[in-house]
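What follows is one structure encoded as structure tokens, with my remarks underneath.
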Amino acid sequence: MSFDFTSLPDRRGTGSLKWDKYAGRDILPMWVADMDFLSPPCVRDALARRVAHGVFGYTVPTREAAAAVRGWLRDRHEAEAEAEQIVWFPGLVPCLNVICRALGTDGDEVIALTPVYPPFLSAPAFSHRASVSVPLALDGDRWSVDMARLEAAFTPRTRALLFCNPHNPVGRVFTEAEVRAVAALCARRGALFCSDEIHADLVLGPSRHFSALRLSDAEAGERIVLMAPSKTFNTPGLSCAFAVIPEANLRQRIRDAARGIITEINAMGYAACEAAFREGEPWRQELLSVLRGNREVLYDFVARETPAIRLRPMEATYLAWLDCRALGLDDPASFFEKGGVGLSDGKLFGPGGEGFLRFNFGCPRTRVEEALRRMKAALARR
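So for the sequence shown, this note's numbering puts the first residue at 4; every next one is plus one.
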């Protein structure tokens with residue numbers, strides 16, 4: 004390999020959310036969704052050049068960053084976006100909150116398919132909107148959208164559907180037909196279709212990602228697509244994300260709702276974003292190879308060593324959704340934390356997450372293997 008995916012950077016004492024949670028304790032943090040790989044050399048070089056400039060004044064969106072985003076969408080996702088359709092945010096979570104703030108009035112409803120990334124459930128409440136959970140269907144080993152149940156959840160007060168594709172935490176890459184069906188339902192019911200596609204560049208195959216940007220205005224109605232370089236290129240601490248909003252009036256409503264409460268992207272974020280999308284593809288391809296290998300380690304270990312834990316096919320992301328319900332544990336997250344592995348508690352992901360754990364395998368393989376050994380040992384000591 005041309006890039007380093009085996010080093011174990013010491014992140015302790017760096018203000019790392021992931022690692023400082025367990026400071027001073029022998030617990031491997033396999034929870035929050037950032038990776039323990041070095042960011043791509045092209046990103047680090049771009050940041051070094053920006054630091055060498057030496058002036059860090061107020062920053063506006065750069066044409067170069069927007070051009071890099073547009074090129075990436077076109078080349079990787081067969082999607083077109085005009086520069087003026089890109090609205091920059093310091094993260095996907097602030098964007099979700101602004102969207103909920105911009106839509107409707109107190110008591111209006113926002114739908115999410117659960118289990119799901121927790122801010123999908125908290126953002127509506129912060130704006131005094133009602134969060135409506137619709138469980139994903141689970142048929143054997145495959146998660147899917149229960150269209151009848153989803154349609155039944157819409158009411159005259161439904162203002163938006165927050166859709167996660169690829170899905171965090173279950174790892175599904177929804178098909179073109181599924182995306183079109185959900186978008187058409189939103190259009191028919193007059194609700195915004197908001198597609199969080201932050202994991203779109205981490206598809207492990209064989210599925211292919213279909214971006215909501217490829218839908219026509221006629222079939223999708225109002226829509227917003229959320230993306231960022233952060234998950235793919237391991238730059239969440241640089242706070243750079245964006246929403247693509249094709250419709251001008253909706254775009255202005257989102258800008259108005261953000262005014263005065265959302266900060267501008269910092270200079271480092273733009274520099275990293277541009278470099279990642281212009282030069283990061285070779286690194287991304289090697290990352291995907293590493294993640295596929297880690298996924299196979301997980302599949303094999305769970306099948307052989309911990310068969311009571313069920314692991315369904317993972318089509319995307321570096322997040323494994325472990326079904327621990329057959330273990331009979333009251334609190335699986337606390338149980339494995341005592342065994343030296345920190346995992347995300349499925350209860351945080353809303354209805355349908357109880358008894359599940361999310362395992363971050365975006366790290367060198369030796370760390371994945373050590374975490375799995377600790378989990379096996381914890382179960383053996385029961």
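Each residue gets a CB set at the ideal place from its N, CA and C atoms; glycine is no exception.
Using a Cβ-Cβ cut-off of 7 Å (strictly less than) and excluding sequence neighbours within five positions of K234, which residues of its own chain qualify? For the purposes of this step, residue 234 is taken as the residue at position 231 of the sequence shown. Contacts found: A36, I201, H202, L205.
For the alpha helix (DSSP H) that contains S292, what are its first and last residues? What you label residue 292 is simply residue 289 of the sequence shown in a count that begins at 1. Residues 284–308.
Have a look at W34, A275, S214 and flag the residue whose alpha-carbon is nearest the alpha-carbon of R52. Sequence index remark: in the sequence shown, residue 52 carries index 49 (1-based). Out of W34, A275, S214, A275 has the C-alpha closest to the C-alpha of R52.
Taking the straight line between their C-alpha atoms, what separation do you get for C420 and G74? Shown here, the chain extends from 4 to 385; a query on residue 420 therefore has no answer.
First and last residue of the uninterrupted beta strand (DSSP E) at N363: Counting from 1 along the sequence shown, the entry for residue 363 is found at position 360. Unbroken beta strand (DSSP E) run through N363: 359–363.
Looking at R287: is its Cβ nearer than 9 Å to the Cβ of P122? In the sequence shown, counting from the first residue as 1, residue 287 sits at position 284. In the sequence shown, counting from the first residue as 1, residue 122 sits at position 119. Not closer than 9 Å, so no.
If you measure between the beta carbons of A186 and A223, is that distance less than 9 Å? For this step, residue 186 is matched to residue 183 along the sequence shown. For this step, residue 223 is matched to residue 220 along the sequence shown. Less than 9 Å divides the Cβ of A186 from the Cβ of A223.
Test item: CB-CB of R328 and F359 under 9 Å: For the purposes of this step, residue 328 is taken as the residue at position 325 of the sequence shown. For the purposes of this step, residue 359 is taken as the residue at position 356 of the sequence shown. Going by C-beta atoms, R328 is nearer than 9 Å to F359.
Using the three-state DSSP reduction, which class does C189 fall into: helix, strand or coil? Taking the first residue of the sequence shown as position 1, residue 189 is located at position 186. In the structure shown, the three-state DSSP call for C189 is helix.
When M230, S347, P97 are compared against G263, the one with the closest alpha-carbon: Walking along the sequence shown from the start, residue 263 turns up at place 260. Comparing Cα-Cα distances from G263 to each of M230, S347, P97, the minimum goes to P97.
Within this structure, are the beta carbons of G349 and L124 separated by less than 9 Å? Stepping through the sequence shown from its first residue, residue 349 is reached at position 346. Stepping through the sequence shown from its first residue, residue 124 is reached at position 121. Against a cut-off of 9 Å, the Cβ pair of L124 and G349 comes out as no contact.
Give me the Cα-Cα distance between C189 and F245, rounded to the nearest whole angstrom. In the sequence shown, the residue the question calls residue 189 occupies position 186. In the sequence shown, the residue the question calls residue 245 occupies position 242. A straight line joining the alpha-carbon of C189 with that of F245 spans about 22 Å.
Which residue wins for smallest C-alpha separation from V72, given the options V63, P249, E83? Translated into positions along the sequence shown, residue 72 becomes position 69. Answer by Cα proximity: E83.
Alpha carbon of G296 to alpha carbon of F157, nearest angstrom: The residue given as residue 296 occupies position 293 in the sequence shown. The residue given as residue 157 occupies position 154 in the sequence shown. For G296 and F157, the distance between alpha carbons rounds to 41 Å.
What does P93 pair with, by DSSP beta-bridge criteria? Here residue 93 is taken as the residue at index 90 of the sequence shown, counted from 1. In the DSSP assignment, P93 forms no beta bridge with any residue.
Using the beta-carbon count (16 or more within 10 Å), is F8 buried or exposed? Residue 8 sits at position 5 when you count from the first residue of the sequence shown. Counting Cβ neighbours within 10 Å, F8 comes out buried, since at least 16 surround it.
Are the Cβ atoms of A306 and L330 separated by less than 9 Å? Along the sequence shown, read from residue 1 onward, the residue named residue 306 stands at position 303. Along the sequence shown, read from residue 1 onward, the residue named residue 330 stands at position 327. Contact flag unset, no.
Whether I114 touches A194 by CB criterion (9 Å): For this step, residue 114 is matched to residue 111 along the sequence shown. For this step, residue 194 is matched to residue 191 along the sequence shown. A contact, by the Cβ cut-off of 9 Å.
Residues bridged to L216 [DSSP beta-bridge criterion]: If you number the sequence shown from 1, residue 216 lands on position 213. Beta-bridge pairing links L216 to no other residue.
In its own chain, which residues sit with a C-beta less than 7 Å from the C-beta of T309, not counting the 5 before and 5 after it? Position 306 of the sequence shown, counting from 1, holds the residue named residue 309. Non-local beta-carbon contacts of T309 in its own chain, meaning distances under 7 Å to residues more than five positions away in sequence, involve M378, K379, L382 in chain order.
For E267, tell me which candidate among G283, C243, L253 has the shortest Cα-Cα distance. Position 264 of the sequence shown, counted from the start, is the residue given in the question as residue 267. Out of G283, C243, L253, C243 has the C-alpha closest to the C-alpha of E267.
According to the Cβ coordinates, are L351 and G174 closer than 9 Å? Against the sequence shown, residue 351 aligns to sequence position 348. Against the sequence shown, residue 174 aligns to sequence position 171. Going by C-beta atoms, L351 is not nearer than 9 Å to G174.
Assuming L216 and L76 make a contact with CB atoms under 8 Å, what is their CB distance in whole Å? For the purposes of this step, residue 216 is taken as residue 213 along the sequence shown, with counting starting at 1. For the purposes of this step, residue 76 is taken as residue 73 along the sequence shown, with counting starting at 1. Contact holds; Cβ gap of about 7 Å.
Rounded to the nearest angstrom, what separates N100 and P127 at their Cα positions? Sequence index remark: in the sequence shown, residue 100 carries index 97 (1-based). Sequence index remark: in the sequence shown, residue 127 carries index 124 (1-based). N100 and P127: Cα-Cα distance of roughly 7 Å.
Under the three-state DSSP convention, the category D29 falls into: One-based indexing of the sequence shown puts residue 29 at position 26. Coil.
Could you pull the start and end residues of the beta strand (DSSP E) that S198 belongs to? Indexing the sequence shown from 1 puts residue 198 at position 195. Its beta strand (DSSP E) spans residues 195–199.
Would you mind sorting A105 into buried or exposed? The rule is 16 or more other CB atoms within 10 Å of its CB. Translated into positions along the sequence shown, residue 105 becomes position 102. The Cβ neighbour count for A105, taken over all protein chains shown within 10 Å, is at least 16; the residue is labelled buried.
For N138, write down the residues that DSSP places opposite it in a beta bridge. Counting from one through the sequence shown, the residue named residue 138 turns up at place 135. Per the sequence shown, residue 138 should be read as Pro rather than Asn. Beta-bridge pairing links P138 to T117.
Excluding the five sequence neighbours on either side, which residues of its own chain have a C-beta within less than 8 Å of the C-beta of R298, listed in chain order? As a working mapping, residue 298 is identified with position 295 in the sequence shown. Only L207, M317, A323, F364 meet the Cβ criterion.
Please classify T108 as buried or exposed, where buried requires at least 16 other C-beta atoms within 10 Å of its C-beta. The sequence position of residue 108 within the sequence shown is 105, counting from 1. Exposed: under 16 other Cβ atoms inside 10 Å.
Taking C-alpha atoms, which residue in M38, D29, L11, H212 lies nearest to L20? What you label residue 20 is simply residue 17 of the sequence shown in a count that begins at 1. Ranking M38, D29, L11, H212 by Cα distance to L20 puts M38 first.
Sub-9 Å separation of R192 and L218 beta-carbons: Reading the sequence shown from its first residue, position 189 is the one you call residue 192. Reading the sequence shown from its first residue, position 215 is the one you call residue 218. Cβ atoms of R192 and L218: not closer than 9 Å.
Could you check whether E277 and T65 sit closer than 9 Å to each other, using their CB atoms as the reference points? Position 62 of the sequence shown holds residue 65. Position 274 of the sequence shown holds residue 277. For T65 and E277, yes; Cβs fall inside 9 Å.
Residue(s) in a DSSP beta bridge with S147: Start at 1 with the first residue of the sequence shown, and residue 147 comes out as number 144. Within the DSSP secondary-structure output, S147 pairs in a beta bridge with A140.
Less than 7 Å between C-beta atoms, sequence neighbours within five positions excluded: which residues of the same chain meet that for L41? Translated into positions along the sequence shown, residue 41 becomes position 38. Around L41: D7, S10, P12.
Taking DSSP's pairing of strands, which residues face S227 in a bridge? For this step, residue 227 is matched to residue 224 along the sequence shown. Correcting the residue identity first, residue 227 is Ile in this sequence and not Ser. DSSP lists C197 as partners of I227.
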